[in-house]
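For the sequence shown, full-length UniProt numbering gives the first residue as 1, with consecutive numbering after it.
The beta-carbon is built from N, C-alpha and C at its ideal position, and this holds for glycine as well.
Nothing here was measured: the structure is a model prediction, and the numbers come from that model.
Reading through the C-alpha coordinates given below for one structure.
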Amino acid sequence: MWPQGIRRKTLCPAQAIVLRLGPDVTSAAAGHSIKDMVMARTRILFPFAGDTGLGGSHVSALDLIAGLDPERFDPRILLHQQEGKVGAYARELGLDFEVAPDLPLMRSRNNPRKADIGVPRYLLRNIPRLMAEIRRIDPQIVHTNEGRIHTNWVIPTKLAGRRHLWHHRQDPRAFGINKLAPLFSDAIVSVSEFSHPVRPVRSVSSRFTVVRSPFDFSADIPDKADARQMILTELSLPAETLLLGWFGTLTERKKPVRFAEAVAEISRAMPDRPVHGLLFGGSVEAHSTLDQQCAARANELGIESQVHLMGFRKPLAPYMAGVDLNIVTALHEPFGRTLIESMYLGTPVIATRHGGNPEAIEDGKTGFLVEPENPAAFVAPALKLSADRALYDTIARAAQADVTAKYGREIHIRQISEIYDRLSPPI
(Lines of atoms letter the chains of each structure in order from A and count residues from 1; the text may use other names and numbers.)
(Lines give C-alpha, C1' and ligand atoms only; values in the text may rest on other atoms or scores of the structure.)
Protein backbone atom coordinates (compact mmCIF):
# COMPACT_ATOMS: atom_id res chain seq x y z
CA MET A 1 0.00 0.00 0.00
CA TRP A 2 1.18 3.53 -0.75
CA PRO A 3 1.56 5.44 2.56
CA GLN A 4 -1.41 7.61 3.45
CA GLY A 5 -0.96 11.21 2.30
CA ILE A 6 1.45 10.30 -0.51
CA ARG A 7 0.24 10.04 -4.08
CA ARG A 8 1.43 7.23 -6.31
CA LYS A 9 4.52 8.25 -8.25
CA THR A 10 4.87 7.83 -12.01
CA LEU A 11 7.23 4.97 -12.83
CA CYS A 12 10.10 5.46 -15.22
CA PRO A 13 9.85 3.36 -18.41
CA ALA A 14 12.38 0.74 -17.30
CA GLN A 15 10.57 0.22 -13.99
CA ALA A 16 7.26 -0.13 -15.82
CA ILE A 17 8.76 -2.85 -18.02
CA VAL A 18 9.97 -4.77 -14.98
CA LEU A 19 6.56 -4.61 -13.32
CA ARG A 20 4.74 -5.68 -16.47
CA LEU A 21 7.05 -8.54 -17.44
CA GLY A 22 8.13 -9.70 -14.01
CA PRO A 23 11.57 -10.13 -12.43
CA ASP A 24 12.43 -13.38 -14.19
CA VAL A 25 12.32 -12.07 -17.72
CA THR A 26 15.88 -12.16 -19.00
CA SER A 27 17.78 -10.25 -21.59
CA ALA A 28 18.79 -12.58 -24.37
CA ALA A 29 21.77 -10.44 -25.18
CA ALA A 30 23.34 -10.21 -21.75
CA GLY A 31 21.83 -13.12 -19.87
CA HIS A 32 20.66 -10.86 -17.01
CA SER A 33 17.14 -10.01 -15.92
CA ILE A 34 15.75 -6.64 -16.89
CA LYS A 35 15.38 -5.93 -13.17
CA ASP A 36 19.13 -6.37 -12.74
CA MET A 37 19.66 -3.80 -15.46
CA VAL A 38 17.51 -1.18 -13.77
CA MET A 39 19.20 1.01 -11.18
CA ALA A 40 17.27 0.77 -7.92
CA ARG A 41 16.26 4.19 -6.64
CA THR A 42 17.66 5.32 -3.30
CA ARG A 43 14.83 6.19 -0.94
CA ILE A 44 15.53 9.20 1.30
CA LEU A 45 13.36 10.31 4.20
CA PHE A 46 13.16 14.05 4.92
CA PRO A 47 11.39 14.70 8.26
CA PHE A 48 10.38 18.26 9.17
CA ALA A 49 8.60 19.97 12.05
CA GLY A 50 5.20 21.19 10.93
CA ASP A 51 4.76 23.80 13.67
CA THR A 52 7.53 26.15 12.60
CA GLY A 53 7.88 29.08 10.23
CA LEU A 54 9.43 28.75 6.80
CA GLY A 55 13.14 29.44 7.12
CA GLY A 56 16.12 29.26 4.80
CA SER A 57 16.87 25.66 5.77
CA HIS A 58 13.38 24.59 4.70
CA VAL A 59 13.60 26.45 1.40
CA SER A 60 17.01 24.92 0.64
CA ALA A 61 15.96 21.38 1.57
CA LEU A 62 12.68 21.46 -0.34
CA ASP A 63 14.32 23.00 -3.40
CA LEU A 64 16.85 20.17 -3.27
CA ILE A 65 14.09 17.55 -3.09
CA ALA A 66 12.31 19.13 -6.04
CA GLY A 67 15.49 18.95 -8.11
CA LEU A 68 16.60 15.37 -7.37
CA ASP A 69 16.76 12.98 -10.31
CA PRO A 70 13.56 10.87 -10.05
CA GLU A 71 15.28 8.01 -11.88
CA ARG A 72 17.88 7.75 -9.10
CA PHE A 73 16.17 8.97 -5.94
CA ASP A 74 12.83 8.44 -4.21
CA PRO A 75 12.42 11.27 -1.64
CA ARG A 76 9.74 10.98 1.06
CA ILE A 77 8.68 13.99 3.17
CA LEU A 78 7.21 13.47 6.65
CA LEU A 79 5.81 16.42 8.61
CA HIS A 80 5.32 16.24 12.36
CA GLN A 81 1.81 17.07 13.63
CA GLN A 82 0.63 19.48 10.92
CA GLU A 83 1.22 20.68 7.40
CA GLY A 84 2.14 24.24 8.39
CA LYS A 85 4.16 26.63 6.27
CA VAL A 86 6.69 23.97 5.35
CA GLY A 87 3.96 21.76 3.90
CA ALA A 88 2.44 24.72 2.08
CA TYR A 89 5.76 25.48 0.41
CA ALA A 90 6.24 21.81 -0.48
CA ARG A 91 2.80 21.86 -2.08
CA GLU A 92 3.76 24.94 -4.12
CA LEU A 93 6.74 23.01 -5.48
CA GLY A 94 4.51 20.09 -6.43
CA LEU A 95 6.01 17.81 -3.79
CA ASP A 96 4.05 15.06 -2.07
CA PHE A 97 4.24 14.70 1.69
CA GLU A 98 2.75 12.86 4.62
CA VAL A 99 1.61 14.37 7.93
CA ALA A 100 1.99 12.42 11.18
CA PRO A 101 -0.52 14.30 13.39
CA ASP A 102 0.20 12.41 16.61
CA LEU A 103 4.00 12.23 16.38
CA PRO A 104 5.43 14.77 18.87
CA LEU A 105 8.97 16.08 19.15
CA MET A 106 11.28 16.28 22.13
CA ARG A 107 11.13 19.64 23.88
CA SER A 108 13.84 22.17 23.05
CA ARG A 109 15.40 24.15 25.90
CA ASN A 110 15.52 27.37 23.91
CA ASN A 111 12.10 27.23 22.28
CA PRO A 112 9.65 24.82 23.96
CA ARG A 113 6.32 24.28 22.21
CA LYS A 114 3.04 23.20 23.75
CA ALA A 115 2.87 19.81 22.03
CA ASP A 116 6.50 18.88 22.74
CA ILE A 117 7.41 16.08 25.14
CA GLY A 118 10.12 15.71 27.76
CA VAL A 119 13.27 13.60 27.54
CA PRO A 120 11.93 10.56 29.51
CA ARG A 121 8.89 10.19 27.26
CA TYR A 122 11.04 10.68 24.18
CA LEU A 123 13.42 7.92 25.26
CA LEU A 124 10.72 5.46 26.31
CA ARG A 125 8.04 6.09 23.70
CA ASN A 126 9.16 8.30 20.83
CA ILE A 127 12.36 6.51 19.87
CA PRO A 128 10.45 3.25 19.24
CA ARG A 129 7.77 5.17 17.32
CA LEU A 130 10.32 6.95 15.14
CA MET A 131 12.05 3.64 14.47
CA ALA A 132 8.69 2.20 13.43
CA GLU A 133 8.17 5.10 11.01
CA ILE A 134 11.61 4.51 9.52
CA ARG A 135 10.86 0.82 9.00
CA ARG A 136 7.45 1.60 7.49
CA ILE A 137 8.78 4.15 5.01
CA ASP A 138 11.91 2.03 4.52
CA PRO A 139 14.51 4.62 3.42
CA GLN A 140 18.18 3.87 2.94
CA ILE A 141 19.01 7.40 4.17
CA VAL A 142 17.40 9.81 6.64
CA HIS A 143 18.36 13.40 5.78
CA THR A 144 17.64 15.93 8.55
CA ASN A 145 17.82 19.69 8.05
CA GLU A 146 16.95 21.59 11.25
CA GLY A 147 17.93 21.58 14.92
CA ARG A 148 14.98 19.81 16.57
CA ILE A 149 14.72 17.29 13.77
CA HIS A 150 18.42 16.41 14.00
CA THR A 151 18.24 15.62 17.71
CA ASN A 152 14.96 13.70 17.46
CA TRP A 153 15.84 11.51 14.48
CA VAL A 154 19.57 10.79 14.60
CA ILE A 155 19.46 8.07 17.31
CA PRO A 156 16.35 6.26 15.98
CA THR A 157 17.94 6.26 12.52
CA LYS A 158 21.08 4.62 13.87
CA LEU A 159 19.08 2.07 15.89
CA ALA A 160 16.99 1.25 12.81
CA GLY A 161 20.15 0.46 10.88
CA ARG A 162 19.80 3.26 8.31
CA ARG A 163 22.29 5.90 7.18
CA HIS A 164 21.96 9.41 8.59
CA LEU A 165 22.91 12.69 6.94
CA TRP A 166 23.08 15.70 9.30
CA HIS A 167 22.71 18.89 7.23
CA HIS A 168 24.09 21.60 9.50
CA ARG A 169 23.06 25.23 8.99
CA GLN A 170 23.42 26.48 12.55
CA ASP A 171 25.92 27.63 15.15
CA PRO A 172 29.12 25.53 15.20
CA ARG A 173 28.96 25.57 19.00
CA ALA A 174 25.54 23.88 19.13
CA PHE A 175 25.15 20.80 21.32
CA GLY A 176 23.89 18.45 18.63
CA ILE A 177 26.59 19.02 16.04
CA ASN A 178 29.32 18.55 18.65
CA LYS A 179 27.85 15.72 20.76
CA LEU A 180 25.33 13.75 18.68
CA ALA A 181 26.42 14.06 15.06
CA PRO A 182 29.99 12.84 15.69
CA LEU A 183 28.66 9.69 17.37
CA PHE A 184 25.63 8.79 15.27
CA SER A 185 25.70 10.49 11.84
CA ASP A 186 27.23 8.85 8.79
CA ALA A 187 27.74 12.15 6.97
CA ILE A 188 27.74 15.80 8.02
CA VAL A 189 27.07 18.45 5.40
CA SER A 190 27.41 22.12 6.19
CA VAL A 191 26.97 25.33 4.27
CA SER A 192 30.31 26.89 5.27
CA GLU A 193 33.71 26.15 6.76
CA PHE A 194 32.73 28.40 9.66
CA SER A 195 30.05 26.00 10.80
CA HIS A 196 32.41 23.04 11.28
CA PRO A 197 31.75 21.77 14.85
CA VAL A 198 34.16 23.48 17.24
CA ARG A 199 34.48 20.76 19.90
CA PRO A 200 33.23 17.45 18.49
CA VAL A 201 33.42 14.51 20.89
CA ARG A 202 34.94 12.53 18.04
CA SER A 203 36.68 13.68 14.88
CA VAL A 204 34.34 14.33 11.96
CA SER A 205 36.99 15.24 9.40
CA SER A 206 36.31 12.18 7.23
CA ARG A 207 32.55 12.80 7.27
CA PHE A 208 32.36 16.61 7.01
CA THR A 209 31.66 18.22 3.63
CA VAL A 210 30.90 21.84 2.74
CA VAL A 211 28.08 22.15 0.22
CA ARG A 212 26.73 25.64 -0.37
CA SER A 213 22.97 26.16 -0.24
CA PRO A 214 21.09 25.95 -3.55
CA PHE A 215 19.91 29.08 -5.29
CA ASP A 216 17.58 29.24 -8.26
CA PHE A 217 18.91 31.90 -10.59
CA SER A 218 16.47 31.16 -13.41
CA ALA A 219 13.84 33.78 -12.56
CA ASP A 220 13.93 37.22 -14.15
CA ILE A 221 15.52 39.94 -12.02
CA PRO A 222 12.98 42.66 -11.18
CA ASP A 223 13.64 46.10 -12.61
CA LYS A 224 15.34 47.92 -9.74
CA ALA A 225 13.91 51.33 -10.53
CA ASP A 226 10.37 49.97 -10.67
CA ALA A 227 10.88 47.92 -7.51
CA ARG A 228 12.27 50.93 -5.67
CA GLN A 229 9.34 53.09 -6.72
CA MET A 230 6.92 50.39 -5.53
CA ILE A 231 8.41 50.62 -2.03
CA LEU A 232 8.46 54.41 -2.01
CA THR A 233 4.82 54.48 -3.05
CA GLU A 234 3.75 51.89 -0.48
CA LEU A 235 5.41 53.79 2.36
CA SER A 236 4.69 57.29 0.99
CA LEU A 237 8.38 58.24 1.02
CA PRO A 238 10.15 60.90 -1.07
CA ALA A 239 12.23 59.83 -4.08
CA GLU A 240 15.57 60.71 -2.45
CA THR A 241 15.06 58.34 0.50
CA LEU A 242 17.88 55.87 1.20
CA LEU A 243 16.21 52.47 1.65
CA LEU A 244 18.04 50.05 3.94
CA GLY A 245 16.79 46.46 3.93
CA TRP A 246 17.05 43.66 6.49
CA PHE A 247 15.83 40.19 5.50
CA GLY A 248 15.41 37.02 7.53
CA THR A 249 13.62 35.25 10.32
CA LEU A 250 13.55 37.17 13.59
CA THR A 251 16.02 35.27 15.74
CA GLU A 252 18.51 36.51 18.29
CA ARG A 253 21.41 35.26 16.16
CA LYS A 254 20.42 37.53 13.28
CA LYS A 255 20.44 40.62 15.54
CA PRO A 256 17.45 42.56 14.18
CA VAL A 257 17.68 45.13 16.99
CA ARG A 258 21.19 46.01 15.77
CA PHE A 259 19.60 46.83 12.43
CA ALA A 260 17.43 49.51 14.04
CA GLU A 261 20.56 50.89 15.67
CA ALA A 262 22.44 50.87 12.34
CA VAL A 263 19.58 52.80 10.71
CA ALA A 264 19.89 55.41 13.46
CA GLU A 265 23.66 55.71 12.96
CA ILE A 266 23.41 56.05 9.18
CA SER A 267 20.56 58.54 9.49
CA ARG A 268 22.62 60.63 11.89
CA ALA A 269 25.51 60.66 9.39
CA MET A 270 23.22 61.78 6.54
CA PRO A 271 21.22 64.69 7.97
CA ASP A 272 20.29 66.01 4.51
CA ARG A 273 18.78 62.78 3.20
CA PRO A 274 15.88 60.70 4.54
CA VAL A 275 17.01 57.25 5.70
CA HIS A 276 14.51 54.45 6.29
CA GLY A 277 15.03 50.87 7.42
CA LEU A 278 12.74 48.08 6.20
CA LEU A 279 12.77 44.88 8.23
CA PHE A 280 11.38 41.93 6.24
CA GLY A 281 10.53 38.65 7.95
CA GLY A 282 8.87 37.29 11.03
CA SER A 283 9.49 35.00 13.95
CA VAL A 284 9.64 31.21 13.78
CA GLU A 285 9.47 31.06 17.58
CA ALA A 286 6.03 31.19 19.14
CA HIS A 287 6.89 33.50 22.04
CA SER A 288 9.45 35.76 20.37
CA THR A 289 9.23 39.48 21.11
CA LEU A 290 12.03 40.58 18.78
CA ASP A 291 9.67 42.57 16.57
CA GLN A 292 8.50 44.50 19.63
CA GLN A 293 12.10 44.96 20.74
CA CYS A 294 12.99 46.44 17.34
CA ALA A 295 10.09 48.87 17.49
CA ALA A 296 10.93 49.82 21.08
CA ARG A 297 14.60 50.43 20.24
CA ALA A 298 13.66 52.58 17.25
CA ASN A 299 11.40 54.60 19.54
CA GLU A 300 14.22 55.05 22.07
CA LEU A 301 16.51 56.30 19.29
CA GLY A 302 13.89 58.72 17.99
CA ILE A 303 13.53 57.01 14.62
CA GLU A 304 10.25 55.16 15.17
CA SER A 305 8.85 56.60 11.90
CA GLN A 306 11.96 55.45 9.99
CA VAL A 307 11.90 51.73 10.87
CA HIS A 308 9.21 49.69 9.16
CA LEU A 309 8.31 46.13 10.20
CA MET A 310 7.32 44.76 6.80
CA GLY A 311 6.57 41.17 7.83
CA PHE A 312 6.67 38.28 5.36
CA ARG A 313 6.31 39.35 1.73
CA LYS A 314 5.79 37.12 -1.24
CA PRO A 315 7.28 37.38 -3.73
CA LEU A 316 10.23 38.85 -1.86
CA ALA A 317 12.51 39.50 -4.83
CA PRO A 318 10.95 42.88 -5.81
CA TYR A 319 11.51 44.19 -2.29
CA MET A 320 15.03 42.81 -2.13
CA ALA A 321 15.81 44.42 -5.48
CA GLY A 322 14.05 47.65 -4.53
CA VAL A 323 16.02 48.56 -1.42
CA ASP A 324 19.30 50.41 -1.92
CA LEU A 325 21.39 48.34 0.49
CA ASN A 326 21.03 45.08 2.37
CA ILE A 327 22.29 45.42 5.95
CA VAL A 328 23.29 42.05 7.49
CA THR A 329 23.78 42.32 11.26
CA ALA A 330 23.89 38.58 12.07
CA LEU A 331 26.37 36.73 14.27
CA HIS A 332 27.21 33.02 13.94
CA GLU A 333 25.33 32.89 10.63
CA PRO A 334 26.72 29.85 8.77
CA PHE A 335 25.81 31.05 5.27
CA GLY A 336 22.83 33.33 4.87
CA ARG A 337 20.45 32.83 1.94
CA THR A 338 19.25 36.42 1.77
CA LEU A 339 22.80 37.71 1.48
CA ILE A 340 23.39 35.65 -1.68
CA GLU A 341 19.93 36.45 -3.06
CA SER A 342 20.55 40.19 -2.65
CA MET A 343 23.89 39.92 -4.43
CA TYR A 344 22.21 38.14 -7.33
CA LEU A 345 19.48 40.78 -7.55
CA GLY A 346 22.02 43.60 -7.77
CA THR A 347 21.60 45.01 -4.26
CA PRO A 348 24.96 45.64 -2.54
CA VAL A 349 25.41 43.99 0.85
CA ILE A 350 27.08 45.35 3.97
CA ALA A 351 27.54 42.46 6.40
CA THR A 352 29.23 41.69 9.68
CA ARG A 353 32.67 40.13 9.42
CA HIS A 354 31.44 37.06 11.26
CA GLY A 355 30.17 33.55 10.65
CA GLY A 356 30.09 32.50 7.02
CA ASN A 357 29.77 36.07 5.70
CA PRO A 358 33.51 36.39 4.86
CA GLU A 359 33.21 33.21 2.79
CA ALA A 360 30.50 34.85 0.68
CA ILE A 361 31.81 38.43 0.37
CA GLU A 362 35.18 39.71 -0.77
CA ASP A 363 35.45 42.96 1.15
CA GLY A 364 35.45 46.01 -1.10
CA LYS A 365 34.90 43.95 -4.27
CA THR A 366 31.64 42.04 -3.97
CA GLY A 367 30.32 43.85 -0.90
CA PHE A 368 31.56 45.22 2.40
CA LEU A 369 32.38 43.53 5.71
CA VAL A 370 32.25 45.44 9.00
CA GLU A 371 32.95 44.89 12.67
CA PRO A 372 30.19 42.84 14.32
CA GLU A 373 28.06 44.21 17.16
CA ASN A 374 28.96 47.76 16.13
CA PRO A 375 26.06 49.53 14.37
CA ALA A 376 28.25 52.56 13.65
CA ALA A 377 30.53 50.37 11.51
CA PHE A 378 27.85 50.29 8.81
CA VAL A 379 28.05 54.06 8.30
CA ALA A 380 31.26 54.36 6.24
CA PRO A 381 30.40 51.79 3.54
CA ALA A 382 26.80 53.04 3.39
CA LEU A 383 28.06 56.59 2.76
CA LYS A 384 30.49 55.36 0.09
CA LEU A 385 27.88 53.40 -1.80
CA SER A 386 25.20 56.08 -1.60
CA ALA A 387 27.56 58.84 -2.77
CA ASP A 388 29.39 57.01 -5.57
CA ARG A 389 27.10 55.52 -8.21
CA ALA A 390 30.00 54.05 -10.17
CA LEU A 391 31.21 52.17 -7.09
CA TYR A 392 27.66 51.02 -6.37
CA ASP A 393 27.26 49.59 -9.87
CA THR A 394 30.72 47.99 -9.85
CA ILE A 395 30.05 46.20 -6.55
CA ALA A 396 26.60 45.09 -7.73
CA ARG A 397 27.90 43.64 -11.02
CA ALA A 398 30.85 41.87 -9.39
CA ALA A 399 28.66 40.34 -6.69
CA GLN A 400 26.08 39.14 -9.19
CA ALA A 401 28.71 37.49 -11.39
CA ASP A 402 30.38 35.85 -8.37
CA VAL A 403 27.27 34.23 -6.88
CA THR A 404 25.93 33.13 -10.26
CA ALA A 405 29.16 31.24 -10.94
CA LYS A 406 29.37 29.60 -7.50
CA TYR A 407 25.94 28.91 -6.05
CA GLY A 408 23.64 27.61 -8.75
CA ARG A 409 21.01 25.02 -7.83
CA GLU A 410 22.47 22.39 -10.15
CA ILE A 411 25.84 22.47 -8.35
CA HIS A 412 24.18 21.85 -4.98
CA ILE A 413 22.01 19.01 -6.27
CA ARG A 414 24.99 17.29 -7.92
CA GLN A 415 27.13 17.49 -4.77
CA ILE A 416 24.38 16.20 -2.46
CA SER A 417 23.54 13.42 -4.93
CA GLU A 418 27.17 12.30 -4.83
CA ILE A 419 26.97 12.09 -1.03
CA TYR A 420 23.79 10.01 -1.27
CA ASP A 421 25.61 7.65 -3.63
CA ARG A 422 28.48 7.27 -1.17
CA LEU A 423 26.09 6.56 1.71
CA SER A 424 23.98 4.10 -0.26
CA PRO A 425 25.80 3.04 -3.43
CA PRO A 426 23.49 2.49 -6.42
CA ILE A 427 22.75 -1.14 -7.20
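By the three-class DSSP mapping on this structure, what secondary structure does residue i have?
i: Met-310; result: strand
i: His-287; result: coil
i: Asp-363; result: strand
i: Ala-100; result: strand
i: Leu-95; result: coil
i: Pro-75; result: strand
i: Ala-49; result: strand
i: Asn-374; result: coil
i: Leu-105; result: coil
i: Arg-41; result: coil
i: Gly-302; result: coil
i: Leu-423; result: helix
i: Gly-408; result: strand
i: residue 491; result: Given a span of 1 to 427 for the chain in the structure shown, any question on residue 491 remains unanswerable.
i: Leu-325; result: strand
i: Leu-369; result: strand
Could you check the C-alpha separation between residue i and residue j for me, to the nearest Å?
i: Pro-222; j: Val-201; result: 47 Å
i: Pro-426; j: Glu-234; result: 54 Å
i: Leu-79; j: Ala-88; result: 11 Å
i: Arg-397; j: Phe-312; result: 27 Å
i: Gly-336; j: Gly-248; result: 9 Å
i: Ile-416; j: Arg-125; result: 32 Å
i: residue 436; j: Pro-197; result: What is shown of the chain runs 1 to 427, which leaves residue 436 out entirely.
i: Leu-93; j: Phe-48; result: 16 Å
i: Asn-299; j: Ser-267; result: 14 Å
i: Leu-316; j: Pro-120; result: 42 Å
i: Glu-362; j: Ala-390; result: 18 Å
i: Ala-219; j: Gly-50; result: 28 Å
i: Arg-353; j: Phe-73; result: 38 Å
i: Ala-269; j: Gly-53; result: 36 Å
i: Gln-400; j: Leu-345; result: 7 Å
i: Phe-378; j: Ile-77; result: 41 Å
i: Ser-424; j: Arg-162; result: 10 Å
i: Pro-372; j: Ala-181; result: 29 Å
i: Thr-289; j: Lys-114; result: 18 Å
i: Val-296; j: Lys-158; result: The sequence given here places Ala at residue 296; Val does not occur at that position. Taking the straight line joining both Cα atoms gives about 47 Å.
i: Gly-282; j: Lys-224; result: 24 Å
i: Arg-43; j: Leu-64; result: 14 Å
i: Gly-56; j: Met-320; result: 15 Å
i: His-276; j: Ile-231; result: 11 Å
i: His-167; j: Ser-195; result: 11 Å
i: Arg-409; j: Met-343; result: 16 Å
i: Ala-40; j: Leu-165; result: 20 Å
i: His-332; j: Val-204; result: 20 Å
i: Phe-97; j: Met-310; result: 31 Å
i: Val-323; j: Thr-144; result: 34 Å
Starting from the C-beta of residue i, find all residues in its chain whose C-beta is less than 8 Å away, skip the five residues before and the five after it, and write them out in chain order.
i: Gly-147; result: Ser-108, Gln-170, Ala-174, Gly-176
i: Arg-258; result: Thr-329, Glu-373, Pro-375
i: residue 429; result: Outside the displayed span of the chain (1 to 427) sits residue 429, for which this structure offers no information.
i: Pro-381; result: Ile-350, Phe-368, Val-370
i: Ile-340; result: Ser-213, Phe-215, Ala-360, Val-403, Tyr-407
i: Pro-238; result: Leu-232, Pro-274
What residues in its chain sit with their C-beta under 7 Å from that of residue i, if we drop five residues either side in the sequence?
i: Ile-149; result: Pro-47, Phe-48, Ala-49
i: Leu-250; result: Pro-256, Gly-281, Gly-282, Ser-283, Ser-288, Leu-290, Asp-291
Grab me the residues of residue i's own chain with a C-beta within less than 6 Å of its C-beta, minus the 5 sequence neighbours each way, in chain order.
i: Ser-192; result: Pro-334, Phe-335, Gly-356, Glu-359
i: Ile-395; result: Pro-348
i: Leu-103; result: His-80
i: Thr-338; result: Phe-247, Gly-248
i: Arg-199; result: Asn-178
Practice problem: Quick one: which unbroken alpha helix (DSSP H) runs of 4-plus residues sit fully inside the stretch 135–213? Chain order, please. | Solution: Correct list: 147–159, 181–184.
Practice problem: Write down every uninterrupted run of the alpha helix (DSSP H) in the stretch 328–352 whose length is 4 residues or greater and which is fully enclosed by it, in chain order. | Solution: 337–344
Exercise. Please confirm if the stretch 258–276 is in contact with the stretch 300–313, defined as three or more CB-CB distances below 8 Å between the two stretches.
Key: yes
Quiz item: Touch check for the stretch 203–214 and the stretch 233–252: three-plus C-beta pairs under 8 Å?
Solution: no
Quiz prompt | Cβ contact check for the stretch 132–141 and the stretch 59–66: 3 or more pairs under 8 Å | solution = no
Quiz item: Whole beta strand (DSSP E) runs in the stretch 220–298 with 3 or more residues, listed along the chain?
Solution: 242–247, 275–280
Quiz item: Do the stretch 356–367 and the stretch 409–427 meet, that is, are 3 or more Cβ pairs less than 8 Å apart?
Solution: no
Quiz item: Is the number of C-beta pairs between the stretch 147–159 and the stretch 182–195 that are closer than 8 Å three or more?
Solution: yes
Exercise. Determine contact between the stretch 214–221 and the stretch 406–413, defined as no fewer than three beta-carbon pairs at a distance below 8 Å.
Key: yes
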